[in-house]
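Step one of this worksheet: look at the structure below.
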Amino acid sequence: MEKKTFELKYGKSKICFDLPEESLLCELVGANQPAIEDLQKAYKHCLDHPIDSPPLSEKLKPNDKVVIAVSDITRAWQRSNKTLPILLEYLNKAGITDEQITIIIAVGGHRKNTEEEFKALCSEDVFKRVKIINHNPEAEDVVYLGKTSRGTEVRMNRLAMEADKLILTGGVIYHYMAGYGGGRKSILPGIASLDTISQNHLHGLSDTVGGGSNPLIATGLTRGNPLHEDMMEIADFVQPDFLVNVVPNLDGDIAGIFAGNWVSAWFEACKMVDAMFGVPIEEQADIVIATAGGYPKDINLYQSQKTIDNASYAMKPGGVSIILAECPLIGDPPEFFEWFEYPDLLSLETAARKNFLITGWLAVKQLEYEKMGTIILVTPEKNFELARKAHVEPVYCIEDALDLAYQKCGVKDPKFIVMPQGANTFPIKQF
Numbered sequence: 001m002e003k004k005t006f007e008l009k010y011g012k013s014k015i016c017f018d019l020p021e022e023s024l025l026c027e028l029v030g031a032n033q034p035a036i037e038d039l040q041k042a043y044k045h046c047l048d049h050p051i052d053s054p055p056l057s058e059k060l061k062p063n064d065k066v067v068i069a070v071s072d073i074t075r076a077w078q079r080s081n082k083t084l085p086i087l088l089e090y091l092n093k094a095g096i097t098d099e100q101i102t103i104i105i106a107v108g109g110h111r112k113n114t115e116e117e118f119k120a121l122c123s124e125d126v127f128k129r130v131k132i133i134n135h136n137p138e139a140e141d142v143v144y145l146g147k148t149s150r151g152t153e154v155r156m157n158r159l160a161m162e163a164d165k166l167i168l169t170g171g172v173i174y175h176y177m178a179g180y181g182g183g184r185k186s187i188l189p190g191i192a193s194l195d196t197i198s199q200n201h202l203h204g205l206s207d208t209v210g211g212g213s214n215p216l217i218a219t220g221l222t223r224g225n226p227l228h229e230d231m232m233e234i235a236d237f238v239q240p241d242f243l244v245n246v247v248p249n250l251d252g253d254i255a256g257i258f259a260g261n262w263v264s265a266w267f268e269a270c271k272m273v274d275a276m277f278g279v280p281i282e283e284q285a286d287i288v289i290a291t292a293g294g295y296p297k298d299i300n301l302y303q304s305q306k307t308i309d310n311a312s313y314a315m316k317p318g319g320v321s322i323i324l325a326e327c328p329l330i331g332d333p334p335e336f337f338e339w340f341e342y343p344d345l346l347s348l349e350t351a352a353r354k355n356f357l358i359t360g361w362l363a364v365k366q367l368e369y370e371k372m373g374t375i376i377l378v379t380p381e382k383n384f385e386l387a388r389k390a391h392v393e394p395v396y397c398i399e400d401a402l403d404l405a406y407q408k409c410g411v412k413d414p415k416f417i418v419m420p421q422g423a424n425t426f427p428i429k430q431f
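In structure tokens:
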């Protein structure tokens, strides 16, 4: 029997295993694009030749106070440590000094990042040169901008709102709640108040109690997605001055740079994501094996849920998903695991509606995944207790995972789909 060997990323290492070729439906990989060879040249070109916008240099005035919104440590894959030095050099040449620049780490509802994480995110050089601060979603001195058509009260970081120029940075991949990452996500949840985040994210639940998660909130879906549409309204209140988003390729290298108008430049980035990461499948598998893509995408279970969600589209009802996620900080954020104290899905959902947080929505989704099939997590033994609390079945190695998967799927000769970039690639059903 011919076998195919796989080598999938796991934390900062790799996991190897073999599968019979006849049992493999497909290896779900996107249409890879080459990395940009001269990043500095390409980045500056995009700043000078933006989409639906004058060049960034022409939008700047000599005394402008500039705020740059930068994604937090869970988005280190965006390679801000490579792009921010280029952006700062460009701003300096345009007459903006380091003293006029502040970087806000757009943590949204996530924890504050440490100084060491600032250095990792922004580079040692940038850390030494400009002021870097965490956004505080619980700050009281926020700026109120009004209400969206859906009733969301828009409150934003004061420093960002009082800046002369607000530049959004970040990266675009699929997002299981907002449809796509990047763009307006630097504003909501990035620099929004916790109340604003909660009101917006409440759209993640269905209209009626007991209905669970909202089916219109999904990967790759923007039209009719109330959460995304509300986010766009919120960003329109803010009117950011410029956007620079990158798109990674399958290897995690920057393959696309999109700069200019915060709407149209972002939409162009989304098109590249569709072309690269949307992968048609003709059949669902009995067993799906997916990796988040290694560190930092598998830094915790909270982030690894993007992989669980993508894998669920490739898995047959009642099937098994094996998720490779080292989760060195599995307990982060701790409030995610507090939601699993509720005895059942209905009580959890009811509580989430009363005090909506993204962690509560993710907990609801986690229990829904459990109803769809078995979720096996390959992770270190120290993570087992919290993994079980989150309704996944932890195992130490891929061999144990496969043994358990064969038992659980109930099929004599199960069919497999392997997802080497599980956090990014999205299975699109063609049946």
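Residues in the sequence shown are numbered from 1 upward in steps of one, following UniProt numbering.
Note that beta-carbon positions come from the ideal geometry of N, C-alpha and C, so glycine has one too.
Query: Is the region 265-284 touching the region 412-426, taking contact as three or more C-beta pairs under 8 angstroms?; Result: yes
Query: Touching or not, the region 4-15 and the region 225-236, by the rule of three or more beta carbon pairs under 8 angstroms?; Result: no
Query: Just tell me which of 128, 223, 119 and 419 has its CA closest to the CA of residue 315.; Result: 419
Query: How would you write the range of the alpha helix (DSSP H) that residue 360 sits in, first residue to last?; Result: 358-372
Query: Does DSSP classify residue 155 as helix, strand or coil?; Result: strand
Query: On the DSSP bridge assignment, give the partners of residue 379 in chain order.; Result: In the DSSP output, where bridge partners are listed per residue, residue 379 has none listed.
Query: Going by C-alpha distance, which of 141, 346 and 95 is nearest residue 157?; Result: 141
Query: Look up residue 7 in the DSSP assignment and say whether it is helix, strand or coil.; Result: strand
Query: In chain order, what residues of the same chain have a beta carbon less than 6 angstroms from the beta carbon of residue 95, not counting five sequence neighbours either side?; Result: 62
Query: What are the uninterrupted segments assigned as alpha helix (DSSP H) that are 4 or more residues long and contained completely in the region 34-97, given in chain order?; Result: 39-48, 56-59 and 80-93
Query: Can you give me the C-alpha to C-alpha distance between residue 167 and residue 112, rounded to a whole angstrom?; Result: 20 angstroms
Query: Quick check on residue 431: does DSSP put it in helix, strand or coil?; Result: coil
Query: Assuming residue 329 is part of the beta strand (DSSP E), what are its boundary residues?; Result: Taken as a continuous stretch (DSSP letters only), residue 329 belongs to no beta strand (DSSP E), as it is neither H nor E.
Query: Considering only the alpha carbon of each residue, which of 21, 24, 28 and 41 lies closest to residue 250?; Result: 28
Query: Please return the same chain residues whose Cβ sits closer than 7 angstroms to the Cβ of residue 455, not counting the five positions on each side in sequence.; Result: The chain is shown only over 1 to 431; residue 455 falls outside these bounds and no answer can be derived.
Query: Whole angstroms are fine: how far does the CA of residue 304 sit from the CA of residue 312?; Result: 13 angstroms
Query: Between which two residues does the alpha helix (DSSP H) carrying residue 277 extend?; Result: 264-277
Query: Using only the alpha-carbon positions, how far apart do residue 346 and residue 201 sit?; Result: 18 angstroms
Query: Roughly how many whole angstroms lie between the Cα atoms of residue 89 and residue 165?; Result: 16 angstroms
Query: Just grab the DSSP bridge partners of residue 20 for me.; Result: 3
Query: Under three-state DSSP, which class holds residue 221?; Result: coil
Query: With distance defined between alpha-carbon atoms, name the residue in 174, 217, 408 and 153 nearest to residue 246.; Result: 174
Query: Check whether chain C comes within 7 angstroms of residue 102, counting only Cβ atoms and requiring the distance to be less than that.; Result: Within the model displayed, chain C is absent; a lone protein chain is all it includes.
Query: So does the region 285-292 actually touch the region 315-324, counting three or more Cβ pairs closer than 8 angstroms?; Result: yes
Query: Report buried or exposed for residue 177, applying the criterion of at least 16 other Cβ atoms within 10 angstroms of its Cβ.; Result: buried
Query: Just to confirm, is the Cβ distance from residue 392 to residue 269 under 7 angstroms?; Result: no
Query: Of the choices 349, 351 and 302, whose alpha-carbon is the least far from that of residue 333?; Result: 302
Query: Cα separation between residue 384 and residue 407?; Result: 20 angstroms
Query: The alpha helix (DSSP H) spanning residue 307 covers which residue range?; Result: 301-314
Query: Quick check on the DSSP output: what are the complete beta strand (DSSP E) runs of length 3 or more inside the region 388-428, in order along the chain?; Result: 393-395 and 416-419
Query: Would you list, in sequence order, the uninterrupted alpha helix (DSSP H) runs of no fewer than 4 residues that lie entirely inside the region 109-161?; Result: 115-122 and 124-129
Query: What do you reckon, are the CB atoms on residue 214 and residue 204 nearer than 7 angstroms?; Result: yes
Query: Check whether the Cβ atoms of residue 326 and residue 298 sit closer than 7 angstroms, and answer yes or no.; Result: yes
Query: Using 8 angstroms for Cβ pairs, my map puts residue 109 next to residue 358. What's the rounded Cβ distance?; Result: 6 angstroms
Query: Check this for me: beta carbons of residue 386 and residue 363, under 7 angstroms apart or not?; Result: no
Query: Per DSSP, what kind of secondary structure is residue 188 in: helix, strand or coil?; Result: coil
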